[in-house]
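S.K.:
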Amino acid sequence: MRRRLFFELRYFLGRAPWDTGITPPEVVAFLDRTPPGRALDIGCGTGTNAVEMARRGWRVTGLDFSGRALRAARARAAAAGLKVDFLRGDASELRGVTGHFEYLLDIGCFHTLPPEGQSRYAQRVAGLAGTGGTYMLYTFLSNERADSLPSRASLERLFIPAFALTHFERGTDRQRPSAWATFVRAG
Ligand SMILES: C[S@@+](CC[C@H](N)C(=O)[O-])C[C@H]1O[C@@H](n2cnc3c(N)ncnc32)[C@H](O)[C@@H]1O
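If you want the numbering used here, it's the 1-based position in the sequence shown plus 323.
1. Is the Cβ-Cβ distance between L488 and A504 less than 8 Å?
2. Counting only runs of 4+ residues fully inside the stretch 332–378, write out the alpha helix (DSSP H) ranges in chain order.
3. I believe V374 touches A414 by the beta-carbon criterion, under 8 Å. Please report the beta-carbon distance rounded to the nearest angstrom.
4. Using DSSP bridges, identify the partner residues of E425.
5. Which residues share a DSSP beta bridge with L478?
6. So L460 packs on D429, CB below 8 Å; how close in whole Å?
7. Between the stretch 384–404 and the stretch 463–478, can you find at least three pairs of beta-carbon atoms closer than 8 Å?
8. E416 by DSSP, collapsed to three states: which one?
9. What do you get for H490, buried or exposed, if any count of 16 or more other CB atoms within 10 angstroms of its CB means buried?
10. Take L336 as the anchor and find which of E479, F424, Y426, R391 has the nearest alpha-carbon.
11. For R447, I'd like the list of residues in its chain whose CB is within less than 6 Å of its CB, leaving aside the five on either flank, ordered along the chain.
12. Use the C-beta contact count for M324: other C-beta atoms within 10 angstroms, 16 or more gives buried, fewer gives exposed.
13. Hey, out of P500, G450, R397, whose CA is closest to V507's CA?
14. If R361 sits next to F424, beta carbons under 8 Å apart, how far is it from one beta carbon to the other, in whole angstroms?
15. Please go through the same chain and pick out, in chain order, the residues whose beta-carbon is closer than 6 Å to the beta-carbon of G388, but skip the five residues on each side of it.
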């Protein structure tokens, strides 16, 4: 509840520095090399990436718990004349999301979940990824102060062996350690 209000407030105040309206190059590179299928954008925010995927022919579901972000996402899709299935819900439950997806994307949502939410999320994501499906995660990472953010080791514990980790690239984001991780669903 507190997290949801935090995000609602940030969107309301226009203080959402992540909301750039630009699809990150890592996602563009994946979409450039992958034929369209079903995609799930977890914590889709105002729909920049969900709409970009739909523009490229993907059948997209976007989920977020912020009503304000989802209103903007629906308006973005409508303005582009594209159909995207936007759902309001909790990423750690992913209720109402069914079937299998070839591409699952999470930019900045997973790391906001509490540890028990992260475990449930990992189980749900594994169940929703089709064999060979790609799960791409952009996350803040824990630092020396041993905060509650994920580490590479905790990600591996949560997502392997359901997935193979195929790429892990560290970076910094507003002076905080971050990473792009790409997982492929094992058969
Ligand atoms: C840093 S923003 C990134 C938004 C979007 N992925 C982007 O790249 O613009 C994180 C998003 O995750 C959503 N979020 C955070 N925790 C969530 C949860 N437990 N369930 C659903 N959405 C959540 C927030 O409302 C927010 O839109």
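We treat Cβ as the ideally placed atom computed from N, Cα and C, and that holds for glycine. Keep in mind that this is a model prediction, so the values were computed, not measured.
M.R.: This is what the structure gives:
1. What you label residue 488 is simply residue 165 of the sequence shown in a count that begins at 1. What you label residue 504 is simply residue 181 of the sequence shown in a count that begins at 1. Cβ distance < 8 Å, so L488 and A504 count as in contact.
2. Counting whole runs of 4 or more residues, the stretch 332–378 contains the alpha helix (DSSP H) stretches 348–356, 371–378.
3. Residue mapping note: residue 374 aligns to position 51 of the sequence shown, counting from 1. Residue mapping note: residue 414 aligns to position 91 of the sequence shown, counting from 1. Incorrect: roughly 19 Å between the Cβ atoms, too far for contact.
4. For this step, residue 425 is matched to residue 102 along the sequence shown. According to DSSP, E425 bridges with nothing at all.
5. To locate residue 478, count along the sequence shown from 1; it is residue 155. As DSSP reads the structure, L478 sits in no beta bridge.
6. Working through the sequence shown from its first residue, we reach residue 460 at position 137. Working through the sequence shown from its first residue, we reach residue 429 at position 106. Sure, about 5 Å apart at Cβ, within 8 Å.
7. The stretch 463–478 is not in contact with the stretch 384–404.
8. Along the sequence shown, one-based indexing puts residue 416 at 93. In this structure, DSSP gives E416 a state outside helix and strand, which the three-state scheme calls coil.
9. Stepping through the sequence shown from its first residue, residue 490 is reached at position 167. H490 counts as exposed, since fewer than 16 other beta carbons sit within 10 angstroms of its beta carbon.
10. One-based indexing of the sequence shown puts residue 336 at position 13. For the residues E479, F424, Y426, R391, the minimum Cα distance to L336 belongs to R391.
11. Your numbering for residue 447 matches position 124 in the sequence shown. Hits under 6 Å: L417.
12. Numbered from 1 along the sequence shown, position 1 holds the residue referred to as residue 324. In this structure M324 is exposed. Its beta-carbon is surrounded by fewer than 16 other beta-carbon atoms within 10 angstroms.
13. For the purposes of this step, residue 507 is taken as residue 184 along the sequence shown, with counting starting at 1. For the residues P500, G450, R397, the minimum Cα distance to V507 belongs to G450.
14. Numbered from 1 along the sequence shown, position 38 holds the residue referred to as residue 361. Numbered from 1 along the sequence shown, position 101 holds the residue referred to as residue 424. Correct: roughly 5 Å between the Cβ atoms.
15. Locating residue 388 in the sequence shown gives position 65, where the first residue counts as 1. Note on identity: in this sequence residue 388 is Phe, with Gly being the wrong assignment. Only R327, D413 meet the Cβ criterion.
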